[in-house]
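Everything on this sheet refers to the single structure shown next.
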Amino acid sequence: METADIDGDGDADVVASPEAHGYGLSWFEQTTAGTFVEHVIVPNDADAGSVPLHEPHALAVADIDRDGDPDIIAGERFWGHIPGGMPDFAAPARLYWFELVRSQGAVSFVPHVIDDASGVGTQVTVGDVTGDGLDDILIANKKGGFVFVHELAP
Numbered sequence: 003m004e005t006a007d008i009d010g011d012g013d014a015d016v017v018a019s020p021e022a023h024g025y026g027l028s029w030f031e032q033t034t035a036g037t038f039v040e041h042v043i044v045p046n047d048a049d050a051g052s053v054p055l056h057e058p059h060a061l062a063v064a065d066i067d068r069d070g071d072p073d074i075i076a077g078e079r080f081w082g083h084i085p086g087g088m089p090d091f092a093a094p095a096r097l098y099w100f101e102l103v104r105s106q107g108a109v110s111f112v113p114h115v116i117d118d119a120s121g122v123g124t125q126v127t128v129g130d131v132t133g134d135g136l137d138d139i140l141i142a143n144k145k146g147g148f149v150f151v152h153e154l155a156p
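Under this note's numbering, the final residue of the sequence shown carries the number 156; numbering is consecutive throughout.
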């Protein structure tokens, strides 16, 4: 769970995975002090036909595209909870960043795949590892530790 001004109105909104052991990602708009309205980014339904986001145990908020708006980093947790039998080690574990787009008072998110083999663990850390002024993404999970170095396109 993270807080950020998603809608640009000056107050803190909440970004969270409504079901860490299921599917989905949402942001909760603070409409008045202490009152929040849910806005779904990724439905909590395996068959919703949108971005698959299973067991999103961790997320972070950072300005990935350097436009001044908070973006969201989230992913699937590889082998988080085995429902029964052996896990499918060939199943993807995706890591995404969701680009915040504000237009005419509306908020939307554009998903971008960072990686389709790492996923997330129980924490995502964002910081400038290389010292170049760009936010890099660090994760650790059952597949190991990963550093995704942010590079600008030529």
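All C-beta atoms, glycine included, are put in the ideal place defined by N, C-alpha and C.
CA nearest to the CA of residue i, picked from the options
i: I139; options: E57, D73, F30 and V17; result: D73
i: P94; options: L55, T5 and V63; result: L55
i: D71; options: G36, G12 and F80; result: G12
i: F100; options: V44, D9, F80 and Y25; result: V44
i: D67; options: A22, D137, F148 and E4; result: D137
i: E4; options: H23, W29 and E57; result: W29
i: P20; options: S120, A76, D65 and D9; result: A76
i: T37; options: L102, N46 and V16; result: V16
i: G24; options: E57, V53 and D65; result: E57
i: I141; options: P156, G107, A119 and G135; result: A119
i: F148; options: D117, P156, V53 and G135; result: D117
i: N143; options: F80, G107 and G135; result: F80
i: A22; options: D47, V39 and A108; result: D47
Start and end residues, beta strand (DSSP E) containing residue i
i: L140; result: D138 to N143
i: E21; result: Per DSSP, E21 belongs to no beta strand (DSSP E) and is neither H nor E.
i: V44; result: T37 to V44
i: D13; result: D13 -> no beta strand (DSSP E), and no H or E assigned at all.
i: A76; result: D73 to G77
i: T33; result: L27 to T34
i: T129; result: According to the sequence shown, residue 129 is Gly rather than Thr. Counting along the chain, the beta strand (DSSP E) containing G129 begins and ends at V126 to G129.
i: E101; result: L97 to S105
i: A64; result: L61 to A64
i: G147; result: G146 to F150
Contact check, residue i vs residue j, beta carbons under 7 Å
i: E78; j: R96; result: yes
i: T132; j: V151; result: yes
i: H59; j: T124; result: yes
i: V115; j: Y98; result: yes
i: A62; j: V128; result: yes
Environment of residue i [buried if 16+ CB atoms lie within 10 Å]
i: L154; result: exposed
i: A14; result: exposed
i: D7; result: exposed
i: S110; result: exposed
i: G146; result: exposed
i: V122; result: buried
i: Q32; result: buried
i: A64; result: buried
i: G26; result: buried
Any non-hydrogen atom of the ligand ATP closer than 6 Å to residue i Cβ
i: W99; result: Summarising the ligand content, the structure contains no ligands, and the ligand ATP is consequently not present.
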